[in-house]
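Chains as they are written, first to last, in my numbering: chain A, 275 to 376; chain B, 1130 to 1393. Report on the following structure.
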Amino acid sequence: MTDAGKTPAAPEWPLFEVFIRSRAGLEHKHVGSLHAADARMAIEHARDVYTRRQEGVSIWVVPSAQIIASDPEEADALFEPARDKVYRHPTFYAIPDEVKNL
Amino acid sequence: MSTALAAALRPERVLNEALLRYVLRLGDTSLVLGQRLGEWVGHAPTLEEDLGLANLALDLIGQARLFLTYAGEIEGRERDEDALAYLRDAPDFFNLALAEQPNGDFGATIVRQWLIDAWQLQIYSGLQESTDSRLAAIAAKALKETRYHYRFSSGWLVRLGDGTAESHERVQRAVDELWRFTSELFAPDEVDERMAAAGIAPPLGAQEARWSACVEEDLRAATLKRPSEQPYPWHGKRGVHTEHLGYVLAEMQHLQRTYPGARW
Chain A
275 MTDAGKTPAA PEWPLFEVFI RSRAGLEHKH VGSLHAADAR MAIEHARDVY TRRQEGVSIW
335 VVPSAQIIAS DPEEADALFE PARDKVYRHP TFYAIPDEVK NL
Chain B
1130 MSTALAAALR PERVLNEALL RYVLRLGDTS LVLGQRLGEW VGHAPTLEED LGLANLALDL
1190 IGQARLFLTY AGEIEGRERD EDALAYLRDA PDFFNLALAE QPNGDFGATI VRQWLIDAWQ
1250 LQIYSGLQES TDSRLAAIAA KALKETRYHY RFSSGWLVRL GDGTAESHER VQRAVDELWR
1310 FTSELFAPDE VDERMAAAGI APPLGAQEAR WSACVEEDLR AATLKRPSEQ PYPWHGKRGV
1370 HTEHLGYVLA EMQHLQRTYP GARW
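What follows is the structure, encoded as structure tokens:
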């Protein structure tokens, strides 16, 4: 404990994105990110940080650097064209009561 | 009471005393180690490790509550978990001396944790088959937690041992310093023998071999040297402690000693 000041708090640990499946049958959802030295530690940290209140039954961690994201600058080109195509929404169909989680 | 009746009752009473002592050993080891880990809260190297160590501490204190509540019932003197945790002095604590050792640096905390996790893995696994159904149930619950604790601590042991020159050197030093407290882990005394004979606890001999193999494998993965066996100077489980336990208890018991019966 007395040595904590001497050793920097490892800011160089890479960032991981955390995905939690809240219960069987549901998809993994992004819940946040954390720092860890390796994949195993990332799983343990995710367990300790994000599942303390029974939030999940399965964890995925992905190195943030491995995520390829769309460029915000290109948002107009990517997403605008869908705006005037409301007929793609399935809102004209009645959803049967048996279908959950849609 | 006739002498014949007293003689007939005696073995039962002896077994009961031994069971009480045995349950206190398990509960006190979890309690003292949990209290030690709690000292890290707000001081761990990262936020994630802070939460991780606090999680281990809470698991251990949860185990202690179950064991001490049971101990109070065996004793039959109306002492509950709180009375046993907060109102006993050091010589009446029967935890492993290893559990009370100071946190040191993060590496020393990990080594202490790993040695006890590997011990608890063996003890709780065996206790699941106990003829004492209460102990078997507590052990089954605690074993799940302990498997995670061991995963956490052995992972860190390898990471630090096989890490940088400095982390290797620090964690090897911690192994060397704490090793002398491990001879107590599986050295059976009359309490252990009575428990094994009654089928309440597993015999320690076979467990020591498994513990030793497990520890050996982790040390190898962590590129650490196993210290030579050392004499047996500590008997925490008989109530003979290092000077450190008194300080742990002073902090842990302060509130109840100062304001008896305080609740929140």
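Ideal Cβ positions, reconstructed from N, Cα and C, are used throughout, including at glycine. Every value quoted in this text rests on a predicted model; they were computed, and no experiment measured them.
Give me the residue from the options with the minimum Cα distance to residue i.
i	options	result
valine 1304 of chain B	B:Leu1353, B:Ser1259 and B:Ala1327	B:Leu1353
tryptophan 287 of chain A	B:Leu1176, B:Gln1251, B:Glu1168 and B:Glu1313	B:Leu1176
arginine 1280 of chain B	A:Val323, A:Met315, A:Ala343 and A:Ala320	A:Met315
alanine 1186 of chain B	B:Arg1208, B:Gly1171 and B:Arg1165	B:Arg1165
tryptophan 334 of chain A	A:Glu372, A:Gly306 and A:Ile342	A:Gly306
alanine 1325 of chain B	B:Pro1231, B:Arg1139, B:Tyr1151 and B:Pro1140	B:Tyr1151
arginine 1386 of chain B	B:Pro1360, B:Leu1216 and B:Arg1323	B:Leu1216
aspartate 1318 of chain B	B:Ala1247, B:Gln1336, B:Lys1366 and B:Phe1196	B:Lys1366
threonine 325 of chain A	A:Lys303, A:Asp350 and A:Val360	A:Lys303
lysine 374 of chain A	A:Leu300, A:Ala310, A:Phe293 and A:Ser296	A:Leu300
glycine 1181 of chain B	B:Ala1193, B:Glu1168 and B:Gln1192	B:Glu1168
leucine 1213 of chain B	B:Leu1153, B:Pro1231 and B:Ser1254	B:Leu1153
alanine 1200 of chain B	B:His1297, B:His1278 and B:Ile1267	B:Ile1267
serine 344 of chain A	A:Ser338, A:Pro337 and A:Leu352	A:Leu352
leucine 1378 of chain B	B:Val1161, B:Ala1147, B:Gly1156 and B:Glu1146	B:Val1161
arginine 1241 of chain B	B:Gly1334, B:Tyr1253, B:Gln1249 and B:Leu1227	B:Leu1227
alanine 1338 of chain B	B:His1297, B:Leu1250 and B:Ser1283	B:Leu1250
glycine 1292 of chain B	B:Gly1156, B:Ala1183, B:Leu1197 and B:Ala1351	B:Ala1351
leucine 1256 of chain B	B:Ala1330, B:Gly1205 and B:Glu1295	B:Ala1330
proline 1332 of chain B	B:His1297, B:Asp1321 and B:Ala1219	B:Asp1321
leucine 1155 of chain B	B:Asp1179, B:Leu1189 and B:Arg1309	B:Leu1189
Helix, strand or coil for residue i, going by three-state DSSP, please let me know.
i	result
tryptophan 334 of chain A	strand
glycine 306 of chain A	strand
alanine 278 of chain A	In this prediction, alanine 278 of chain A has a pLDDT of 47, which is less than 50 and means its spatial position is unreliable; nothing more can be read from the coordinates.
histidine 1370 of chain B	coil
phenylalanine 293 of chain A	strand
threonine 1238 of chain B	helix
phenylalanine 366 of chain A	helix
proline 346 of chain A	helix
isoleucine 317 of chain A	helix
threonine 1275 of chain B	helix
proline 288 of chain A	coil
arginine 1165 of chain B	helix
proline 1389 of chain B	coil
arginine 1355 of chain B	coil
histidine 1172 of chain B	coil
glutamine 328 of chain A	coil
proline 1231 of chain B	coil
aspartate 358 of chain A	coil
asparagine 375 of chain A	coil
leucine 1155 of chain B	helix
isoleucine 1252 of chain B	helix
arginine 1311 of chain B	Before going on, a small fix: residue 1311 of chain B reads as threonine here, not arginine. Threonine 1311 of chain B falls in the coil class under three-state DSSP.
glutamine 1192 of chain B	helix
alanine 1219 of chain B	helix
alanine 1425 of chain B	Because chain B is modelled from 1130 through 1393, residue 1425 of chain B falls outside the range shown and cannot be assessed.
serine 1341 of chain B	helix
Taking its Cβ as the centre, do 16 or more other Cβ atoms sit within 10 Å of residue i, making it buried, or is it exposed?
i	result
tryptophan 1243 of chain B	buried
threonine 365 of chain A	exposed
tryptophan 1285 of chain B	buried
arginine 1142 of chain B	exposed
tryptophan 1393 of chain B	exposed
glycine 1375 of chain B	exposed
alanine 1391 of chain B	exposed
tyrosine 1253 of chain B	buried
histidine 1383 of chain B	exposed
isoleucine 369 of chain A	exposed
threonine 1260 of chain B	exposed
isoleucine 1239 of chain B	buried
aspartate 371 of chain A	exposed
glycine 1171 of chain B	exposed
isoleucine 294 of chain A	buried
alanine 349 of chain A	exposed
glutamine 340 of chain A	exposed
glycine 279 of chain A	Bear in mind that a pLDDT of 48 at glycine 279 of chain A, under 50, signals an unreliable position, so the number given afterwards is only what the model happens to contain. Looking at its Cβ environment, which holds fewer than 16 other Cβ atoms inside 10 Å, glycine 279 of chain A is exposed.
glutamate 1178 of chain B	buried
For the ligand MN, is there any heavy atom lying closer than 8 Å to the beta carbon of residue i?
i	result
tyrosine 361 of chain A	No copy of the ligand MN appears in this structure; indeed no ligand is present at all.
Kindly identify the DSSP beta-bridge partner or partners of residue i.
i	result
histidine 1364 of chain B	B:Val1369
If you measure from the beta carbon of residue i to each beta carbon in chain E, is any gap under 9 Å?
i	result
glutamate 286 of chain A	Note that chain E does not occur in the displayed structure, where the protein chains are A and B.
Problem - Contact set between the segment 299 to 315 of chain A and chain B, restricted to residues whose Cβ is under 9 Å from the partner - result: Leu308, His309, Ala310, Ala311, Asp312, Arg314 and Met315
Exercise for the section: For the segment 1173 to 1197 of chain B, enumerate the residues whose C-beta is nearer than 7 Å to any C-beta of chain A, in chain order. Expected result: Pro1174, Thr1175, Glu1177, Leu1180, Gly1181 and Asn1184
Practice task
Give the residues from the segment 1266 to 1291 of chain B that approach chain A closer than 9 Å (Cβ to any Cβ), ordered along the chain.
Solution key: Tyr1277, Arg1280, Phe1281, Gly1284, Trp1285 and Arg1288
Exercise for the section: Taking a Cβ distance cut-off of 9 Å, strictly less, list which residues of the segment 347 to 373 of chain A are near chain B, in chain order. Expected result: none
Problem - Against chain B: residues of the segment 322 to 340 of chain A by CB proximity under 9 Å - result: Asp322, Val323 and Arg326
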